[in-house]
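Chains as they are written, first to last, in this note's numbering: chain A, 93 to 507; chain B, 178 to 765.
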């Protein structure tokens, strides 16, 4: 028994009746190895993405997380007694991660991805807690959620949970390899890839049948992770997936927008073995039969001609006249799976407001696409997107001017 | 003003964050030291600051000087000679220093040369070849204290940092077909092949050969192909948009601190960049032999004292000199007694051009800042100066830097300056004209120097820097000689018309000529005639180093940035040695 534990035990005895409640908060005897594992898991879960505000202290929360219903402000994960999780027991933390229920018994909003974290093992959850306990305590109170009235009533979340939440730890599939199971555990659990990459219903619940077919996250459309033709991960090899998650880019694509942050804060820290496991699992997701998302590329001569002129004027300098991009610098248009996305929100955002690509030790440049909102009209953007989706061997459908207009409008409204 | 607030000390403070500052920061941060760079201007990055969606705006950048030093904030006074009263330069003219992260490394063209071996030993070489009497009495040229062979590895590092496009002419003494036959031996070829040639440079190449000269593709800090540099930073590929000089590159393909150094430096725990902070002086301890740090002021007017173990001066050439004078480091130069060091040997360059009007369509808009074909037959001491009676030389080149609508056009001599005849001439000649440039050295003289102005004060109440400079007969003779050789080539291009524009009369600070100001804090082997020793360490203050073109004892016939980059690596290696054993690297 170490000294700290002895003190805690003495305190429990001295406090008598209250001892039972106090015993729950006695610090566990955590090892350095467990703390380091916890740090790795915190990175794998990309907790900082939501729980560190721009310019704020790490994990002190209060970052606005946009949801389709309003903005929710993240909680303070530092061990501050009053405003953080300083007084939380391991079991309090487990309940939050596993059941989506806060220490005070209130339901947490599913912007916190407990529908995925419920898959985590008890040991992993405690390792995460062990690491968070080592952070400097920061006093920080999150702002109240900006939600319409019915959703501010937390009881509504019990209904949501009944409909969309299935509690339960990950159960390995014994017919699959250990690597596949590790990949599944990371993708379905801590990685919470489906939080963005799966389509959601009007209440924000994942549509079960269409998992990983692409969905909205933070105002961007996260592409399909399935082996759809053209779209999604298409025919990416496992090594290409690993390179993308490790360095932020491969020969086909660069991580931009929210995915750039995922790479910078999370996936680049993962071991090659874990990244490969993720790739193996993703490669094994069911492909589409092609019919559901069959797209018909535009054949409108006028639109394509106008689009081509915009492309030559504005895009070809970097992406080249033949659409092949510049290896290692500017991604190709030709065969670009992201460009085939069924939902063109991200494409519209990319052209209108631009974005930086992920900065990683392997690729420190953070190459950026400039925004064209001040230069191109809605119709110009629609035409050039329609053109690139129909050219260089690509086969994705046209983009309507009205779509660009609505995305442009949403950018002005963004917080 | 209130008393400066004293900040926690750092290991290294760097004054200015352009090419030299960012390289020094990267190299010293790599050793694990806590490095702070203080920059008077804004932070700037490729996107959003130089975005290709708006950067090709000639009126905003080239005409209205959007990204240069602002004279209302920092300028100098100027006079041609010591009998005159100097007046403040209220508009940028003859030269255009940068301001903000990346410095002038953002808006340069990218013409990246090595100097010749004899350039570094100019006084001893000229004396040996032509006799001491060949050097005019008032010409104060000096040897640099460093040799080309010593700098060769440093040139190599800078070229492989930038991703220079070019063709070697001399690899380790072995002559290479297609390169500059007059260049000094280099260890290896350039990292990238030459840029694609423009139609005009093809015409020039043929004509120069006919004239008996030896043309070659000029070395360019515009990437001919994608390139990954020595810091693991990937660069793009030049698109020949023709907007290099006066513009930032939005395409990651013109070498700059942003494109080549920042990604490997910014965001590191042991490096901090403090922008909008202007250093007012370097502070010394009571012995005057040790720098304790710097004092700077922010935009709110608050003064801060930043203690540091090592101070590295990386501001623009004349600003380094100004800070040395304001900090009372080194003895100010006195031109009457020819004594003192700080401000000594200011030099510049002398340029001229020959416009050529041809029948071929040249499409000048497809250009790059350093896309050019050069002739080096008349640079340095590559030819016998005995019969010429002057010292120095320069290169001739036809650059296709671009065909911008406002400033980059040529009309034949005698064309009206405005009206329908001007428009007609412009339309007729825009696609069918080019210009051959001469780029000549300027020697240093006793009466060309920098000191503190006795009358005018800057926005902080400090005396402004005063520049006293004029061209001497030696430079005019040399420049006229180069202009004649350029005319020989122009004639061999069989033009409809040509217009030789000699550099005539006194130096004027009004028309733009070149931002190649040098000297004032020169390097050397004698503390009586140089501010820093051959390792760029201040003679009087060993924990202080000076970078940049202010180190040049006189100017050579090449654009200076290649040599500034090489000297930076030379200096930073010396700093690393100094940090291991803090003492003067040369005993005075």
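Even glycine gets a Cβ: it sits at the ideal position worked out from N, Cα and C.
Check whether residue i and residue j have beta carbons under 9 angstroms apart
i                      : j                      : result
residue 297 of chain B : residue 325 of chain B : yes
residue 395 of chain B : residue 549 of chain B : yes
residue 432 of chain B : residue 338 of chain B : yes
residue 232 of chain A : residue 152 of chain A : yes
residue 195 of chain A : residue 182 of chain A : no
residue 454 of chain B : residue 481 of chain B : yes
residue 683 of chain B : residue 660 of chain B : no
residue 216 of chain B : residue 193 of chain B : yes
residue 287 of chain B : residue 421 of chain B : yes
residue 451 of chain B : residue 213 of chain B : yes
residue 225 of chain A : residue 129 of chain A : no
residue 137 of chain B : residue 367 of chain B : The structure shown does not extend to residue 137 of chain B, since chain B is modelled only from 178 through 765, so no value can be given for it.
residue 221 of chain B : residue 692 of chain B : no
Any C-beta of chain B under 9 angstroms from that of residue i
i                      : result
residue 456 of chain A : yes
residue 450 of chain A : no
residue 467 of chain A : yes
residue 139 of chain A : no
residue 421 of chain A : yes
residue 459 of chain A : yes
residue 409 of chain A : yes
residue 418 of chain A : yes
residue 116 of chain A : No answer about residue 116 of chain A holds up, because its pLDDT of 48 lies below 50 and its placement is not dependable.
residue 176 of chain A : no
residue 322 of chain A : no
residue 446 of chain A : yes
residue 149 of chain A : no
residue 388 of chain A : no
residue 195 of chain A : no
Residue-level contact to chain E via CB, residue i, 9 angstroms cutoff
i                      : result
residue 462 of chain A : The chain labelled as chain E is not found among the protein chains of the depicted structure, namely A and B.
Residue span of the beta strand (DSSP E) that contains residue i, given as start and end
i                      : result
residue 207 of chain A : Premise fails: residue 207 of chain A lies in the alpha helix (DSSP H), 206-209, not in any beta strand (DSSP E).
residue 676 of chain B : 674-678
residue 485 of chain B : 480-490
residue 524 of chain B : 521-524
residue 261 of chain B : Element bounds for residue 261 of chain B: n/a, residue is neither H nor E.
Boundaries of the alpha helix (DSSP H) in which residue i is found, first to last residue
i                      : result
residue 434 of chain B : 434-437
residue 223 of chain A : 214-224
residue 294 of chain B : 294-297
Residues that DSSP places opposite residue i in a beta bridge
i                      : result
residue 612 of chain B : B:532
residue 460 of chain B : B:470
residue 628 of chain B : B:643
residue 404 of chain B : B:412
residue 342 of chain B : B:369, B:397
Any C-beta of chain A under 9 angstroms from that of residue i
i                      : result
residue 418 of chain B : yes
residue 412 of chain B : yes
residue 594 of chain B : no
residue 428 of chain B : yes
residue 370 of chain B : no
residue 546 of chain B : no
residue 228 of chain B : yes
residue 373 of chain B : no
residue 231 of chain B : yes
residue 196 of chain B : no
residue 577 of chain B : no
residue 582 of chain B : no
residue 434 of chain B : no
| query | Counting pairs of beta carbons, one from the stretch 448-461 of chain A and one from the stretch 474-489 of chain A, are three or more of them closer than 8 angstroms? | reply | no
| query | Counting Cβ pairs closer than 8 angstroms, one from the stretch 545-561 of chain B and one from the stretch 716-731 of chain B, do we hit at least three? | reply | no
| request: Please confirm if the stretch 528-539 of chain B is in contact with the stretch 659-676 of chain B, defined as three or more CB-CB distances below 8 angstroms between the two stretches. | output: yes
| said: I'd like to know if the stretch 429-440 of chain A and the stretch 317-337 of chain A are in contact, where contact means that at least 3 CB-CB pairs between them fall below 8 angstroms. | reply: yes
| Is the stretch 385-393 of chain B touching the stretch 393-406 of chain A, taking contact as three or more C-beta pairs under 8 angstroms? | no
| query | Is there contact between the stretch 587-603 of chain B and the stretch 222-241 of chain B, where contact requires at least three CB pairs shorter than 8 angstroms? | reply | Cβ pair count under 8 angstroms is below three, so no.
| query | Are there three or more Cβ pairs, one per stretch, closer than 8 angstroms when the stretch 647-659 of chain B is compared with the stretch 613-621 of chain B? | reply | yes
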